[in-house]
Structure formats: C-alpha cells, structure tokens
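See below for the structure under consideration.
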Amino acid sequence: MTVAPNKTTKDNNEVIKEKVEQEKKCFTIMPIADHPDYDNGHFSRVYNHLIKPACQKAGFKAVRADDAKASHMIMFDILKNIIECDMAICDLSSKNANVFYELGLRQAFNKKTILITDGRTNTPFDITGFRYVKYDHTLRIDSVINDIDEISAMLLETETASDDDVNSIVKLLKIQPAKIENLQLNEQDTVIFEMIRRLDEKMTRIENSQKHNTQFKNLNLSKKLIDMYSTSCDNYLLNKLISFDPNNIKPEDIEIFIKNRKNDEQSE
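Every letter in the sequence shown is one number past the one before it in this note's numbering, and letter 222, counting from 1, is 317.
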C-alpha cells in the first residue's frame, strides 16, 4: 500500500526553510584573541552575554568570525559576512588592528554598522564624529541589562534609518561605495566550484584525523616505553619518560631516551 506524503510535515519543513533563509544576520566585528589589558576570555563574554542577546532582542542572529568551522574557509567567510550581512556591530575596544581593517571594508561598501566601545581606550580621532554605544567593561548584571537595551535600540534605529542617515564614511565624504560584480557561473564553473568545496571539506577531515591519530600513536608509544623500562630503569628515567606530553613527543626524543638507556645498561 502506497502511503501518501504527509502534507503537514512538508509544509512545516518549507516554513522552517523559509524562516532560516529570511533570518536577518548581524556580523560582529570585534577582538577575538585575548588581550593583555583584559582578563582571559573577556571578549568572548562580551559576545555571549552582551552582543548576542542585544542582536536577538533586535531580531538579528549574531555571527562572529570564529563561528566558521572549516579552517580553510574562515577568511572567505569573514569577507562574505562583512559584505553580505544585513547589519554589523563593531567593538572598538582595545583598538584592535583587525577590527579596524574589517570596519574599513564594511564602510567601503556603505553597509549599515553600529559602533560600540567599553570606554577603557580613547576613541580613535577619525571616528569620534560617529554615534556609538558605550558599555560597561565590568559586565555587571545590572549594567549588562541596560547596555543590551541600548545596543538593541541602536540596531533597530540603524536598520530603519535612511541611507543618508547611516554612520558611514562613504556618505560623509560623498564618494561612491565599492561594488562587487555579480558573475553568472556556467555549468562547468559550478561543477568546478563544487569540487573545490568538497576537496576543502576532505582536507579539513584529513587534518583532524591526522591530529587525532598522531596523538593516539604517541600515547600508545609512550605507554609501551613505560612498560618496557618500568621493571629495570631507575625512578629518575621513569619519571622523565612519564613527564613527556604525549601530544608533543618527537621521534628524536624517543631515540635519545632509548640510546641513553642502552648506554646506562652497558655501563652497568
């Protein structure tokens, strides 16, 4: 007996797909690595507890550079998001060079962007004329709630503002924004692009597999060496062997260890 497809399930899937396609994205331009003037993980906390909730409240999905999973594609994803995302938040805190570079690209294409800063560092002189939200770097719960409201309000205000009223160097200088040509790929180009994409995915899987296998082999090798010498070598040599980090053991290190051990045995 043939079972008719569930129309309700199909309709629901189409609604979900349409919702995902229509989801507004806000690219976050901000420091990612730890900075000596801040506690470790500070900017990750800013992103997770301040920026993401503010974006969600304004109806946007927050996106950050390190959200990209494939290491080979991260730069491509950054450039794509800088140009294509509906909105961007730029955190000027710590005066990070990569942040200013990405902000410059975003501004060159005259894309809507809001600026935020924690106020610990002076705002660069060439953007002091632009509006920005100042948030509390301590991330105290009462301050965070107020800062989320201010950032989300500025997101909504910028989204609905006319192009002439956007925080934009392009508009300020009255110059033409940069453009990217829309190229139509033929069937052959599409096939080649898909092959490159699949090759990139395979390279990433191979790299991850090699890292895992190397760690596993080194770990097994170190255990074998410990078993080999545990009955005969003195505590000093045994502790030296055990102290090796399995992830960082090099073949030459093991050869030196074995050679020294043999010399010790011969001298005995």
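From the three backbone atoms N, C-alpha and C, an ideal C-beta is built for every residue, glycine too. Remember, predicted model here, so these are calculated numbers, not experimental data.
Item checked: Per-residue burial, P131 [other beta carbons within 10 Å of its own, 16 or more giving buried] -> exposed
Next item on the list: Go through the stretch 121-145 residue by residue and report every complete run of the alpha helix (DSSP H) that reaches 4 residues or more, in order.
Entry: 137-141
Notebook entry, point to check: Should the stretch 140-151 be called in touch with the stretch 244-254, which here means at least 3 C-beta pairs below 8 Å?
Noted result: yes
Item checked: Segments assigned beta strand (DSSP E), at least 3 residues, entirely inside the stretch 172-210 -> 182-186
Item checked: Presumed contact (8 Å Cβ cut-off) between K156 and K119, rounded CB distance -> 7 Å
Checklist line | Nearest residue (CA-CA) to C391, options Y227, R215, E296 | finding: Nothing about residue 391 can be reported from this structure: the residues present for the chain run from 96 to 363 only.
Margin query: Measuring alpha carbon to alpha carbon, tell me which residue in M170, E296, L234 is nearest G136.
Written below: L234
Margin query: If you follow the beta strand (DSSP E) that K152 is in, where does it begin and where does it stop?
Written below: No beta strand (DSSP E) holds K152; the alpha helix (DSSP H) holding it covers 147-152.
Notebook entry, point to check: With T216 and S188 assumed to form a contact (beta carbons below 8 Å), what rounded beta-carbon distance in angstroms separates them?
Noted result: 6 Å
Item checked: Close-in-space but distant-in-sequence residues of the same chain around N176 (CB under 7 Å, 5 per side omitted) -> F122, V158
Item checked: N- and C-terminal bounds of the alpha helix (DSSP H) containing A248 -> 236-255
Next item on the list: Just mark A201 as buried or exposed, buried being the case when its beta carbon has 16 or more other beta carbons within 10 Å.
Entry: The sequence shown places Arg at residue 201, not Ala. Classification for R201: buried.
Next item on the list: Quickly, what does DSSP pair Y227 with across the bridge? List them, please.
Entry: L210
Note to self: Below 8 Å on the Cβ atoms is my contact criterion, and I expect K206 with I178 to pass it. Report the Cβ-Cβ distance as a whole number of Å.
What the structure shows: 7 Å
Note to self: My output table needs one value for F339: the three-state DSSP class, helix, strand or coil.
What the structure shows: Low local confidence applies: a pLDDT of 49 at F339 is under 50, so the model's placement there is unreliable, with the coordinate-based value given in what follows. If DSSP states are grouped into helix, strand and coil, F339 belongs with coil.
Check: For R159, which of helix, strand or coil comes out of DSSP?
Finding: strand
Next item on the list: Within 10 angstroms of the Cβ of L250, are there 16 or more other Cβ atoms? Answer buried if so, exposed if not.
Entry: buried
Next item on the list: Would you grab the beta carbon distance between T255 and M182 for me? Rounded to a whole angstrom, and I think it's under 8 Å.
Entry: Wrong, their Cβ atoms sit about 11 Å apart, outside the cutoff.
Notebook entry, point to check: Which word fits M298, buried or exposed, when buried means at least 16 other C-beta atoms lie within 10 angstroms of its C-beta?
Noted result: exposed
Margin query: Taking the alpha-carbon of I236 as reference, which of G154, H144, E296 has the nearest alpha-carbon?
Written below: H144
Margin query: Quick check on this structure: which residue in E296, D213, F171, F225 has the alpha carbon closest to the alpha carbon of D242?
Written below: D213
Next item on the list: Give the single residue among N193, K229, N191 whose Cα lies nearest to the Cα of I209.
Entry: K229
Next item on the list: Within the same chain, show all residues whose beta-carbon is closer than 8 Å to that of Y142, passing over the 5 residues directly before and after it, in chain order.
Entry: T123, M125, A157, R159
Next item on the list: Examine the ligand MG and report whether any of its heavy atoms sits within less than 6 Å of the Cβ of L234.
Entry: Within the structure as shown, the ligand MG is missing, as the structure has no ligands at all.
Next item on the list: Give me the Cα-Cα distance between D295 and Y133, rounded to the nearest whole angstrom.
Entry: 36 Å
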